[in-house]
Amino acid sequence: MLSGAFSFSLGATDGAARCGVISTPRGDIATPAFMPVGTAGTVKAMLPDHVRATGADIVLGNTYHLMLRPGAERVAALGGLHTFMNWPRPILTDSGGFQVMSLSKLRKLTEEGVSFQSHIDGSKHMLTPERSIEIQCLLGADIQMQLDECPAIPIAEDAARESMLLSARWAARSKAAFEETSAPGQALFGIVQGANYETLRRESLDKLMEIGFPGYAIGGLAVGEGRDEMFRVLDFTCPHMPREKPRYLMGVGKPADIVGAVARGVDMFDCVAPTRSGRHGQAWTRSGPVNIKNAQFADDPTPLDPASDCPASRDYSKAYLHHLFRAGEYLGPMLLTWHNLQYYQDLMAGLRTAIAAGSLADFIAGFKAETGETVV
RNA sequence: GGAGGGGUGGGAGAGUGGUUAAAUCCACCAGACUGUAAAUCUGGCCGCUUUGCGUACGUUGGUUCGAAUCCAACCCCCUCCA
36 MLSGAFSFSL GATDGAARCG VISTPRGDIA TPAFMPVGTA GTVKAMLPDH VRATGADIVL
96 GNTYHLMLRP GAERVAALGG LHTFMNWPRP ILTDSGGFQV MSLSKLRKLT EEGVSFQSHI
156 DGSKHMLTPE RSIEIQCLLG ADIQMQLDEC PAIPIAEDAA RESMLLSARW AARSKAAFEE
216 TSAPGQALFG IVQGANYETL RRESLDKLME IGFPGYAIGG LAVGEGRDEM FRVLDFTCPH
276 MPREKPRYLM GVGKPADIVG AVARGVDMFD CVAPTRSGRH GQAWTRSGPV NIKNAQFADD
336 PTPLDPASDC PASRDYSKAY LHHLFRAGEY LGPMLLTWHN LQYYQDLMAG LRTAIAAGSL
396 ADFIAGFKAE TGETVV
């Protein structure tokens with residue numbers, strides 16, 4: 036049986052940036068960490084072994100998607116999500132809160148929770164804070180998220196506050212439910228909301244800290260506000276978050292977003308960018324993004340990164356990848372997803388090394404020199 | 001030789017008198033994608049000095065205010081018969 040507790044041990048810091056280790060019964064997570072998104076019980080187009088080979092310590096799953104298909108009770112009966120998807124390491128599940136926004140046309144919001152009309156077959160489903168936790172426990176998620184409402188920015192301050200307060204009430208209910216049904220070693224994170232209003236972010240954080248969580252997420256960013264505004268929100272939010280708890284910026288982001296957020300003290304990230312963009316033909320490289328479908332790569336015999344240890348980055352020419360995408364071959368999206376995940380994990384490893392060495396400023400300068408992106 | 005069918009933009013293929021520089025699909029050229037309704041979506045795709053002009057639906061000629069659409073001749077392709 037699994038044993039051990041959930042814990043976070045803070046390591047070196049460099050300015051606001053930190054590195055550390057999250058320990059769970061299923062393994063450790065080096066932070067700052069990037070968590071590949073595996074919504075429906077798979078990091079799309081990737082074998083679990085290859086996800087691990089890129090350096091990922093943890094992947095995401097999604098409450099909403101898995102409750103609809105194949106069903107949380109079914110996954111539980113089959114041994115839980117780790118066994119089901121053949122990923123023995125930590126899994127974080129999102130609560131379905133993001134779907135409150137992304138499926139806004141198919142849902143109805145009340146104090147009790149959210150009722151969804153399934154995007155798959157139109158059937159109706161209710162997600163309450165309690166049911167979301169129950170599902171995440173059935174799945175066996177190591178890190179679980181409270182149900183929240185994730186409003187898009189811009190949003191008026193009074194509406195943002197109302198939404199934030201609802202999320203805070205749901206946080207309390209989520210924790211109560213979690214304490215009843217969770218297994219030892221599992222953790223529940225609260226989610227700070229409040230759009231881009233400093234007073235609301237502070238108020239949200241205060242309420243969550245009063246409830247008490249082993250980790251705190253920042254939700255409701257990268258939802259239309261732009262990078263500078265997102266950094267501004269982090270600048271006035273992160274300093275007030277508990278130093279000894281992991282901080283998770285949900286849904287972020289592009290490489291420059293991540294580098295900038297790490298510099299501001301964020302420890303955990305997830306984003307569909309490397310996987311989705313990989314399937315769509317965009318590769319991140321050390322000199323920025325490239326669209327492998329572009330005609331200029333048709334005769335390019337060089338790989339995306341000859342110095343990489345990743346087969347997808349090193350052993351296939353751009354011309355070949357270009358051909359695979361042109362021909363609609365499955366291997367194209369598979370290789371580009373793999374390459375992108377490797378790029379992201381290498382980026383995180385570089386950040387951790389730099390923080391430990393106290394040379395984050397140099398790392399950021401190098402990042403800017405290579406990509407042209409300004410992040411501080 | 002006879003009978004019938006057909007020739008439309010890179011390809012396939014709509015369109016049978018004006019609202020057609022010509023549907024749609026493919027190919028092609030780009031762009032987007034941030035807690036995944038996404039192996040998806042969007043834009044461009046005859047030329048140019050681009051709110052316009054010029055060319056264009058096998059070729060030539062004709063009818064008409066107006067033709068890819070109607071008529072004539074010619075060229076070419078396909079099917080069947082001999």
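In terms of the working numbering, the first sequence opens at residue 36 and continues consecutively. Beta carbons are placed, not taken as given, at the ideal position from N, Cα and C, and that holds for glycine.
- Burial of G300 is indicated by the presence of at least 16 other C-beta atoms within 10 angstroms of its C-beta.
- Between Q317 and S348, the C-beta spacing is not below 8 Å.
- The C-alpha of G62 is placed about 26 Å away from the C-alpha of G393.
- Taking the C-beta atoms as reference points, M81 is found nearer than 8 Å to T372.
- Residue pairing of M161 in beta bridges, as defined by DSSP: S150.
- For Y251, the closest alpha carbon among the candidates F266, S198, V258, Q179 is that of Q179.
- Secondary structure of N375 (DSSP, three-state): helix.
- DSSP places A52 in the strand class (E or B) of the three-state scheme.
- A65: member of the beta strand (DSSP E) spanning 62 to 66, first to last residue.
- Restricted to the stretch 262 to 323, the alpha helix (DSSP H) segments that are unbroken, complete and at least 4 residues in length are 262 to 272, 290 to 298, listed in chain order.
- As summarised for the stretch 238 to 265, the continuous beta strand (DSSP E) elements at least 3 residues long and confined to that stretch are 251 to 253, given in chain order.
- L240 places its beta carbon less than 8 Å from that of V227.
- Residue pairing by DSSP places I226 opposite A252 in a beta bridge.
- In the three-state reduction of the DSSP assignment, S44 falls in the strand class, which pools E and B.
- DSSP links Q221 through a beta bridge to no other residue.
- Collapsing the DSSP output to three states places M81 in coil.
- Per the DSSP secondary-structure output, V94 pairs in a beta bridge with I126.
- Bridge pairing for R142: F151 [DSSP].
- In the DSSP assignment, Q134 falls outside any beta strand (DSSP E) and within the unbroken alpha helix (DSSP H) covering 132 to 137.
- Straight across, the Cα-Cα distance linking R282 with G50 is about 16 Å.
- Residue state for I57 is assigned as strand, using DSSP reduced to three classes.
- Apart from sequence neighbours up to five positions away, the residues of its chain that approach K143 with a beta-carbon distance below 6 Å are S150, ordered along the chain.
- Of the residues L103, A111, V94, the one whose Cα lies closest to the Cα of P123 is V94.
- Inclusion of E279 and L45 in the CB contact set at 8 Å is warranted, their separation being smaller than that value.
- Following the DSSP letters along the chain, one finds I399 inside the alpha helix (DSSP H) bounded by residues 395 to 406.
- By the criterion of at least three beta-carbon pairs nearer than 8 Å, the stretch 160 to 169 is in contact with the stretch 210 to 219.
- Between T406 and G295, the C-beta gap is not smaller than 8 Å, which leaves the two residues out of contact.
- Distance from the Cα of D305 is smallest, within the candidate group D263, G96, C273, P346, for G96.
- With contacts defined as CB atoms closer than 8 Å, D92 and A68 qualify as a contacting pair.
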